[in-house]
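The listed protein sequences correspond, in order, to chains A and B. Heads up, the final residue of the first sequence is numbered 103 in full-length UniProt numbering, and it's a clean run with no missing numbers. Heads up, the final residue of the second sequence is numbered 103 in full-length UniProt numbering, and it's a clean run with no missing numbers.
Protein chains: 2
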Amino acid sequence: MTTKKNVKDNETCPAQVLLKQLSGKWKPEIFRLAMDGALRFNSLLRQMEGANKQTLSMALRELEEAGLLQKVVIKEKPLHIEYYLTENGKSLIPILKQMENLG
Amino acid sequence: MTTKKNVKDNETCPAQVLLKQLSGKWKPEIFRLAMDGALRFNSLLRQMEGANKQTLSMALRELEEAGLLQKVVIKEKPLHIEYYLTENGKSLIPILKQMENLG
DNA sequence: GCAATAAGTCAGTTTTTTATGACCACTAAG
DNA sequence: CTTAGTGGTCATAAAAAACTGACTTATTGC
């Protein structure tokens, strides 16, 4: 057997993958804020008291790599960057809404 | 102002609370297995290769405290304990199913 | 060229989570 | 009273995640 399928199908369940993509100290909050519209780095940093650049940067990158957020560079006066939910990210909104109703 | 409401309403969003209750290295998997029926400690330990007693014990306790799992002592031959989803826990099943369909 | 704003990165430290191995409590059989 | 099965706890170690402060890159304005 060369396929090595018995290694552990730990991450074969999409729900588990999603849960992990949204887990971490700040990711749930980032996602929630993203549901309300575009996010900017420094603005996020101010909104999420207690968080720091490093962690925020990591969290954003991971959400981006997970295909839930996308980065858009805005070439304006002081040049800034906005993060939006991707279509994939938006498809999670109804699920999050349902979760809110269970609390 | 004595109520100190400005401290951060970090955890006022039920969806975020839920996400955190299900986050951790093993909790998503425990929850998934619990969806299929009763769980026993040593059996879980064997199924989840790589996990250890300590962590598993913690995860089960936290899921119990979150009101998603309940512990039932079975007074039989070697006396064992089973963990089941509570009604609250079961109410998450459709949400997890939806997540699976997005993956 | 120099300062200001936005969005980061980097090295190093602290905090939080997980993992390890030894040990404990209960029950039942031999 | 010793051994075996189930379900843990405890102290400690290792690994992962988060935090800190200094520094960087890019752009516009002076």
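Ideal Cβ placement from N, Cα and C applies to all residues, glycine included.
Short CB-CB distance (under 7 Å) between residue i and chain A
| i | result |
| --- | --- |
| R32/B | yes |
| S57/B | no |
| M1/B | Residue placement at M1/B is flagged as unreliable, the pLDDT there being 39, under the threshold of 50; the coordinate-derived value follows with that caveat. Cβ-Cβ to chain A under 7 Å: no for M1/B. |
Test: residue i CB closer than 7 Å to a CB of chain B
| i | result |
| --- | --- |
| T70/A | Here residue 70/A is Gln; the residue named in the question, Thr, does not match the sequence. It does not; no Cβ of chain B falls within 7 Å. |
| E65/A | no |
| Q98/A | yes |
| G103/A | yes |
Proximal chain B residues relative to residue i, where beta-carbon distance stays under 7 Å
| i | result |
| --- | --- |
| S23/A | L19, S23 |
Assigned exposure category for residue i - 16 Cβ within 10 Å defines buried
| i | result |
| --- | --- |
| G103/B | exposed |
| I74/A | exposed |
| Q16/A | buried |
| G50/B | exposed |
| K20/B | buried |
| I30/B | buried |
Listed by chain order, chain B residues near residue i by CB distance under 8 Å
| i | result |
| --- | --- |
| Q16/A | P28, E29, R32 |
For residue j and residue i, believed in contact at Cβ under 8 Å, the rounded distance
| i | j | result |
| --- | --- | --- |
| L85/A | L68/A | 7 Å |
| P14/A | L22/A | Not a contact, Cβ separation roughly 13 Å. |
| L45/A | L63/A | At roughly 15 Å, the Cβ-Cβ gap does not stay under 8 Å, so L45/A and L63/A are not in contact. |
| A89/A | A59/A | Inspection of the sequence shows that residue 89/A is occupied by Gly rather than by Ala. Their Cβ separation, rounded to whole angstroms, is 14 Å, which puts G89/A and A59/A out of contact at 8 Å. |
| M48/A | I93/A | Actually they are not in contact, since the Cβ atoms of M48/A and I93/A sit about 20 Å apart, beyond 8 Å. |
Within chain A, the residues that residue i reaches when beta carbons sit closer than 7 Å
| i | result |
| --- | --- |
| I93/B | Correct list: empty, because the minimum Cβ distance to chain A is about 10 Å. |
heavy atom of the ligand GDP below 6 Å from residue i C-beta
| i | result |
| --- | --- |
| W26/A | What this structure holds is no ligand at all, so the ligand GDP is not there to describe. |
Cβ contact (3+ pairs, closer than 8 Å) linking the segment 77-84 of chain B and the segment 39-57 of chain B: yes
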